[in-house]
Each structure stands twice: as C-alpha cells, then as structure tokens.
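Just so you know, we're using the UniProt record's numbering here: the sequence shown kicks off at 1 and counts up by one.
One structure is given here, and the rest of the page talks about it.
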Amino acid sequence: MIWEDLNAHNKKKILIKISFLTLILFVFYGLYLYFKIGRLINGKVWDFPTSIYGRIINLEPGSLYSPEEILSLLKNTMYKKVDTVMLPGEYSIKNNTIEFIRRSFEFPDIKENEIYARLSFNKNVLTKITNIENNRDFSFFRLEPKLITMLKSPERKKRIFISRNQFPEILVKTLLAIEDKHFYEHDGINISSIGRAFLVNIMAGHMIQGGSTLTQQLVKNLFLTNTRSIVRKINEMYMALILDCFYTKNRILELYLNEVYLGQDGDEQIRGFPLASIYYFGRPIDELTLDQYALLVGMVKGASLYNPWTNPSSALKRRNLVLFSLYDQKYITKDIYQDLCKRSLNIQPKGDIISPYPSFVQLVYAELKKKINYSIENFSGLKIFTTLDSLSQNSVETAVKIEISRLKKQKRLKDLEVAMIVIDKFTGEIQALIGSANPKFNGYNRALNARRSIGSLSKPITYLTALSQPNKYNLNTWISDKPIIVKLDNGEYWSPNNNNYRFSGKVMLLDALVKSINIPTVNISLDIGLKTLIDSWFRLGVSKKYLTPFPSISLGAINLTPIEIGQVFQIIANNGYKSSLSSVRSVVSNDGKVLYQSLPESKHIISSEASYLTMFAMQQVIKSGTAKSLGQAFKNINLAGKTGTTNNLVDNWFVGIDGKQVVITWIGRDNNKTTRLYSSSGAMRIYQKYLEYQHPKILVLKTPRNIDMFYVDNSGKLFCEKNNENNRYIPIWSINNQKICHKRKLLKYFSSIENKKNSLLFWLKDLFL
C-alpha cells in the first residue's frame, strides 16, 4: 500500500516535472519564435527588386508638344479620361486645354505632391502651364515616368511597398469582409474558425480547410511553407499569437497587404496589392474602383485559379461572389451590386503595362557597369531612371513587327534580323532600342554588338571631311566621275565602280552625295588624304582599331555597330556638337540617396558649317535622291537621311533625322548572306513605318553665321538672285566671313529707300519753290 502510494506520488512528481519542462520548452520556443519574428519584422522584411523607369517628361512654356502628344503621354501612364477631374490620374479636354491631376511621385531630387494642372496650347506649341488651385503659372513642370520593368530579384518575388495609410479604406474593408471579419477582435487566431475547419477536416479525413486569419496567412507567407500538416498549423497559430501580441493590427495589415501572393510574371511572383494593381489594371492601387478591388481580393483565395489573364471566366465569377458577399453584409446596396456585376473585368493585356524591353535593359546594364564601380544586384529597391520613351519604343516595335513580317514573306527569308536605335539628337538620350526581330527576346543584342559593314552610310563622313576645307570644297565644287584604278600600298590595284556602272565625267559635289555615287567619293577621299579622313572618323567617336587606311573606307569598308553609327550621326545632326549617348539619367537607392546621376553635356567636335552643309545635302537625299519616296510621304517635315547598302546586298541601313530624333535602322542576316534588299526597300521602309506611328518634328537647320545662300546654275556658277528656272538654292561656306548676297540685298534695299527719299525731296522742292 505504501509502495503504491509512493509510486503514485512519484508519478505525480514526474508528471509535474514533465509539465513544467514542457512549459519551459514552450516558453523558450516562444522566445525563439519571438526573436525570429522580430529579426525579420523589425529589420529588413524584404529584398525589393530594382525598378526601371522611363524618361521623366519635362514641360516648359514654349515646348513643341501638341495636345495629341500630351494625351499620348498621359494615356501611356494610364491616366483616365473623365468629364470632371476630381482624382489623381484623371484628365479632361476642354478646347485647347488639357486639365489633369498629376499623381504624387518621388523624383530623383525631391518628392512632389499631386498637382491639379492645366496645359494650354496654340496649335502644336505648349503655351502655358497653370496650377488650377492657386492660378499661378509654372515655368517648369514634370510628368511622372512610367514604370517599364522590374529586374529579377534573388527570391523571384516582385513587389512595390507602400505604407498602411496609403491603402484605400475600401480595399481594406473588402479584404476583411471576405478573409477575416473579426480581424480587429481576435488575438491572431479565431477559435470558432479553427473549430469549424477542424470538424470539416475530420469529416474529410485529411486537411482541406485551414480556418486561418490574416495574421496566420501572413505568418505562413513570411516564415513557413505551404505544406499542410498539424505541426505546421500549430507553429502558424503560435507565431500568429506572438505577432498579434507584440505588433499593432495596422502593422500586421501593412505587411499582409504588401506580401499577399497575387499571381505570376513568368518565374517571378507578383506580391502585394500595389504591384498587382499595376500589373492587372495599369493604375496605382488608390485609383481603382470597387469591382476592381473585389477582383484582387477574390484572387487571394487562389491567385492561379482566379487569374484574370488565364482564367477570365473563373475570375469573373469569383469577383461577383465577393461583390455578393459585400451586398450580403450590407456594405453595398442591391443596385450597386447589380451594376458592378455587369461590368467586364477590364484588365490590361499581359505585358502591356510592365514590359521587359530586354534590349534596352541590356544597354542600361552595360552603361551602369561601365560608369558605376559596384553591381546593382548588391542593392535592394534601387530605382533607375532611364531615357526610354515608351511611345517611341512602342512605335519602333510596331514598325518592326509589321515590316519585318512583310519582308520575310516577300523575300522568302525566315532569318532576317533587325536593330534599331532612336536618339535625341540634342541630348544624346537613347529613347528606344531593339536588337532583334523579336523585340521581347532577351538574347544577342545586335544594336550593341553586331559589327557590320556600313556601306554608303560612310559617304556623309567623307563629304563632311571635305566640306571642312571651304577653301577647296563646297557643295557646288565639281568632282571627277571617271573610271579610276588605285594602286594600294601592298602593290595591288583597286578598281572601284559606280553602282549603275555609268560615268558622267564630272558631277557637282552635292549631287554626288545625294545620288550616292561611288567614284567621286573615292576621288575626294584620295584628295583630302586617308589620314585626314580617318582622323575625322576618330573625332566622331570611332576607335582607330576599326579604321583601316584603305581607300575603300570612303565607300563603307568599315565594320561598326548600330550604336556607334548613332553617335556619329548625332554629332552631325547637332551642328557638330557631341552629346555622349546615354540610357541612364540617375540611380536612386531605396532610402532616396542618389547613387549616380548623368546630365547631358555637349562638346564641339567638328565644324558647325560643315555639319550644316552635310545635313543640307542629306535633306536633298530625301527630296530627290535615293530616299525620295520617303520625302514624298512626309513632304513638309524636311527630313534628312541616308541609305546604305553593302556589296551583294548583305547589309541594309538607313539613317533618318527629323527635328528631334536620329534613328538608325539595320537589317541583315546573322550568316552574312544576301538580304536581297536594295537601298530604299528595307531599313528605310521600317523608318517610314515608325514615323507613321510617331509625330515627327519639322527639321529646320540652324544656319551658322558663315553660311550664305546662293543660286547655282547647271555649270556650278553662283548667283545672288535667281536668273533661270533650273537654278537651285544652296548654302555656301563663305571663307571671308561675309554674307555676300545678304549684304548686297541690304545695300539694294537701302539704296531704294535713298532713291525714294531723294525723289520726295525733289518733288517738294518743285512744289513750293
């Protein structure tokens, strides 16, 4: 009996010890979980991907922007047209004005709040920018840039973080009504929901329902796996209790709203409502409507099952079920419920809002690697502000898609490739770039890396070099056009030919460039000297290792990349001033620190007079030369350009220049076989299609002070006044810095005034004397 009492006593002591030890382990495990939770939530919760933005649009009174262009910019950043502007992201049109509320945005230098502005236009000029709230005029105004893509993160998760107070309350109420009605009442777990789920699971014989609160869902997303088990569920509940005990409900909600899984972008997860709003609707989370919030909240239950891109029918049913729940809980009336259910999903096509633009992003990577000493992969949440103009980029991609498809079918070639670069001729900003016939393909970038023979694109540089010697060459200078044989340094002989195998004996320099005639070009290069010509190429930014001292260099025996060609013609188009090509304007860290900034700078490289004369000749190429069909399509733009075709029609080039942009287009095949494309049948057609989607600016050449305009007859003789219908009006670089014809006209004008004055005096004299 005593022995039994002793055993019972020992058993009780053992049970007490076990219970005490279990309690201690439970407490210590709780402390472990507390520190684990605290380390994450009190520190850096997430590694954010690098966000890449397009160019920031700077507006000033007098800017050459038409109302249509501004509307395109607003639509591109998903502003919504309304009758009366009330909210950020809305605009309206009234006569010659556009009113809108610009969204708040954290620019690289400062965060700017939302602004209610009015833009006034006179035809295609922005004349005034007014702050409607205080009726003051802006001398400078910025439009927020478009988020064009997000780089892949190490965790394969993308998100945009915003604080709890930035989330619209209607979204929060909808989420709680569907996912956790008693969120503000429970302590992290809901016993009744767990009990209900327990009974369902017992009856099913396995885990099919979790009964999780938002807090539990957050714990699972941040700390646990999706594996369904009792152990994981106990862990989840314990951590939810700890999280609810030590953190506020608003902090838990903030984390959840930014963490919840809402779909896939390739192999990257779309996390949080802010980013999902951009992906599916193209608008910030605070600009959506109730039916759109209902769709996003409905996706919480199963982002794949209810994805509007892949399962629109299921997504619509789920959205309407969420709306019914709101009606059933008396959040909305029956009329509102019925009206919202009639709406379509109205989502943006996949890839239309956040587009990869892989070729341009490769350029951004290359530039940052060259100019910054550290890798951007080492940073979280970087913002890279680039020069990409989404309107130009989309126009390039559309033009290439249409024309390359046509050319492949016409020439029966499946492997035609293309590269295209759009450059701001004043700043050197690269506004659009593709390196493949498939613009979305992230692979070999021909715009940056394809070193190809440039053919006749070299000729403007030969003539530019000659025109830099005004005492010897001008546009009316006669150049020999007879068969020649050139002895090379290695003892061999080179016998170039004209493309049509015809010779005119002599030709005016202007016509030799306009008609892209070979022999006069070779004669000029031999006369000015190959060293002088190579030095000219070098000043234009081409490395001497690609410049061989052979006469054929004047006809395009140079292998350059499209981006190198772009720099050359940017200088020529910008009156001889070089603005180094750039794709990145600034890099900003997650805490707002500017890590890198690039401002446009111009350096005078070559003669402005020679550049002007070359550009004038390139305008004649469009009007009456090898690209006259383009000139006929855009008669009033005064475009400048140059075609370029290599031997055996292997490479096909075109350089097009309007009042704002320099565009380089190349077509070829990676195997260096013929494209069967003649000078104006390939690359120029793509450029023409690009202009159809753009609004090209009129090209008005700025006349240097040493340039005078003359009439020239067929013999090359200059006249100040037209004396024959066949006379052409051309610019001439006057060496003595005198505007001869201009002075003569002034003298003639003042002489006529003097004559009138004298005749009046004589008349008065006769009248009164």
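All residues carry an ideal CB built from backbone N, CA and C; glycine is no exception.
Hey, which unbroken runs of the beta strand (DSSP E) at 3 residues or more fall wholly within the segment 358-395?
Listed in chain order, the beta strand (DSSP E) runs fully inside the segment 358-395 are 383-386, counting runs of at least 3 residues.
Taking only the alpha-carbon atoms, compute the straight-line gap between residue 33 and residue 304 and give it to the nearest angstrom.
The residue given as residue 33 occupies position 33 in the sequence shown. The residue given as residue 304 occupies position 304 in the sequence shown. If you take the alpha carbons of residue 33 and residue 304, they lie about 31 Å apart.
Alpha carbon of residue 682 to alpha carbon of residue 177, nearest angstrom:
Working through the sequence shown from its first residue, we reach residue 682 at position 682. Working through the sequence shown from its first residue, we reach residue 177 at position 177. Taking the CA atoms as reference points, residue 682 sits about 59 Å from residue 177.
Between the CA atoms of residue 381 and residue 281 - distance to the nearest angstrom:
As a working note, residue 281 is residue 281 in the sequence shown. As a working note, residue 381 is residue 381 in the sequence shown. A straight line joining the alpha-carbon of residue 281 with that of residue 381 spans about 23 Å.
Residue 143: which of 515, 114, 402, 13 sits nearest, CA to CA?
For the purposes of this step, residue 143 is taken as the residue at position 143 of the sequence shown. Comparing Cα-Cα distances from residue 143 to each of 515, 114, 402, 13, the minimum goes to 114.
For residue 652, the three-state DSSP class (helix, strand or coil)
Position 652 of the sequence shown, counted from the start, is the residue given in the question as residue 652. Here residue 652 carries a strand assignment [DSSP, helix/strand/coil].
Taking residue 298 as the reference, which of 554, 174, 343 has the closest Cα?
As a working note, residue 298 is residue 298 in the sequence shown. For the residues 554, 174, 343, the minimum Cα distance to residue 298 belongs to 174.
Just mark residue 86 as buried or exposed, buried being the case when its beta carbon has 16 or more other beta carbons within 10 Å.
Taking the first residue of the sequence shown as 1, we reach residue 86 at position 86. An exposed status is given to residue 86, since fewer than 16 other beta-carbon atoms sit within 10 Å of its beta-carbon.
Between residue 18 and the rest of its own chain, which residues show a CB-CB distance below 8 Å, the 5 nearest in sequence each way excluded?
Counted from its first residue, the sequence shown places residue 18 at position 18. Sequence-distant Cβ neighbours of residue 18 in its own chain, meaning closer than 8 Å and more than five residues away, do not exist here.
Do you know how far the Cα of residue 238 is from the Cα of residue 232?
For this step, residue 232 is matched to residue 232 along the sequence shown. For this step, residue 238 is matched to residue 238 along the sequence shown. A straight-line Cα-Cα distance of about 10 Å links residue 232 and residue 238.
With respect to the alpha helix (DSSP H) encompassing residue 339, which residues constitute its N-terminal and C-terminal limits?
Reading the sequence shown from its first residue, position 339 is the one you call residue 339. For residue 339, the enclosing alpha helix (DSSP H) starts and ends at 334-341.
Need the endpoints of the alpha helix (DSSP H) that residue 276 sits in, please.
Within the sequence shown, residue 276 is the residue found at index 276, counting from 1. Per DSSP, the continuous alpha helix (DSSP H) segment holding residue 276 begins and ends at 273-281.
Residues that residue 120 bridges to, as DSSP identifies them
Within the sequence shown, the letter at position 120 stands for residue 120. Residue pairing for residue 120: DSSP places it in a beta bridge opposite 97, 128.
Please state whether the Cβ-Cβ distance between residue 141 and residue 241 is less than 7 Å.
Residue 141 sits at position 141 when you count from the first residue of the sequence shown. Residue 241 sits at position 241 when you count from the first residue of the sequence shown. Not a contact, by the Cβ cut-off of 7 Å.
Specify the secondary structure class of residue 261 as computed by DSSP and reduced to three states.
By one-based count along the sequence shown, residue 261 stands at place 261. Three-state DSSP puts residue 261 in a strand.
Please state whether DSSP places residue 150 in a helix, a strand or coil.
As a first step, residue 150 is located in the sequence shown; it is residue number 150 there, counting from the start. Annotated three-state conformation of residue 150 is strand, per DSSP.
DSSP state of residue 170 mapped onto helix, strand, coil
Taking the sequence shown and counting its residues from 1, the one referred to as residue 170 is at position 170. Helix at residue 170.
What is the DSSP secondary structure of residue 59, reduced to helix, strand or coil?
Residue numbering aside, residue 59 sits at position 59 when the sequence shown is read from its first letter. Note: residue 59 maps to strand in three-state DSSP.
For residue 706 versus residue 677, is the C-beta distance shorter than 7 Å?
The count along the sequence shown starts at 1 and reaches residue 706 at position 706. The count along the sequence shown starts at 1 and reaches residue 677 at position 677. Going by C-beta atoms, residue 706 is not nearer than 7 Å to residue 677.
Pull up the distance between the alpha-carbon of residue 362 and that of residue 727, whole angstroms please.
Within the sequence shown, numbered from 1, the residue matching residue 362 stands at position 362. Within the sequence shown, numbered from 1, the residue matching residue 727 stands at position 727. About 51 Å.
Unbroken beta strand (DSSP E) run spanning residue 348, endpoints:
For the purposes of this step, residue 348 is taken as residue 348 along the sequence shown, with counting starting at 1. Looking at the DSSP string, residue 348 is not in any beta strand (DSSP E), and its letter there is neither H nor E.
Output the boundary residues of the beta strand (DSSP E) element that contains residue 586.
Counted from its first residue, the sequence shown places residue 586 at position 586. Run containing residue 586: 584-588, per the beta strand (DSSP E) assignment.
Report the rounded CA-to-CA distance for residue 724 versus residue 732, giving the unit in angstroms.
Here residue 724 corresponds to residue number 724 of the sequence shown, with the count starting at 1. Here residue 732 corresponds to residue number 732 of the sequence shown, with the count starting at 1. Rounded to whole angstroms, residue 724 to residue 732 spans 19 Å at the Cα level.
Which of helix, strand or coil does DSSP assign to residue 74?
In the sequence shown, the residue the question calls residue 74 occupies position 74. DSSP places residue 74 in helix when its eight states are reduced to three.
Enumerate in chain order the residues of its own chain whose CB-to-CB distance from residue 718 is below 6 Å, with the five nearest sequence positions on each side excluded.
Translated into the one-based positions of the sequence shown, residue 718 becomes position 718. 710, 712.
At the level of alpha carbons, what is the spacing between residue 20 and residue 14?
Position 20 of the sequence shown, counted from the start, is the residue given in the question as residue 20. Position 14 of the sequence shown, counted from the start, is the residue given in the question as residue 14. Looking at the two C-alpha atoms, the distance is approximately 10 Å.
Buried versus exposed call for residue 520 [16 or more other C-beta atoms within 10 Å across all chains shown]:
To locate residue 520, count along the sequence shown from 1; it is residue 520. Sixteen is the threshold: when 16 or more other Cβ atoms of the shown chains lie within 10 Å of the Cβ of residue 520, as they do, the residue is buried.
Let's see if you can read the secondary structure: which residues bound the beta strand (DSSP E) around residue 641?
Numbered from 1 along the sequence shown, position 641 holds the residue referred to as residue 641. Residues 640-645.
State the Cα-Cα distance for the pair residue 244 and residue 124, rounded to the nearest angstrom.
In the sequence shown, residue 244 corresponds to position 244, counting from 1. In the sequence shown, residue 124 corresponds to position 124, counting from 1. Going by the C-alpha atoms only, they are around 59 Å apart.
Could you please give me the residues that DSSP links to residue 217 through a beta bridge?
Taking the first residue of the sequence shown as 1, we reach residue 217 at position 217. For residue 217, which the question treats as bridged, DSSP gives no partner whatsoever.
Quick check on the burial criterion: 16 or more other C-beta atoms within 10 angstroms. Buried or exposed for residue 538?
Residue mapping note: residue 538 aligns to position 538 of the sequence shown, counting from 1. The residue is exposed, with fewer than 16 neighbouring Cβ atoms inside 10 Å.
Beta-carbon proximity list for residue 155, same chain, < 7 Å, skipping 5 on both sides
Within the sequence shown, numbered from 1, the residue matching residue 155 stands at position 155. Around residue 155: 47.
May I ask you to verify whether the segment 398-418 touches the segment 555-565, counting CB pairs closer than 8 Å and requiring at least 3?
Because the criterion of three Cβ pairs below 8 Å is not met, the segment 398-418 and the segment 555-565 do not touch.
In this structure, how does DSSP classify residue 136 when only helix, strand and coil are distinguished?
Residue 136 sits at position 136 when you count from the first residue of the sequence shown. Here residue 136 carries a strand assignment [DSSP, helix/strand/coil].
Among 51, 583, 22, which residue has its Cα nearest to the Cα of residue 366?
One-based indexing of the sequence shown puts residue 366 at position 366. Residue 583 holds the alpha-carbon nearest to the alpha-carbon of residue 366 among 51, 583, 22.
Taking three-plus beta-carbon pairs below 8 Å as touching, is the segment 442-462 in contact with the segment 665-672?
Enough Cβ pairs lie closer than 8 Å, so yes.
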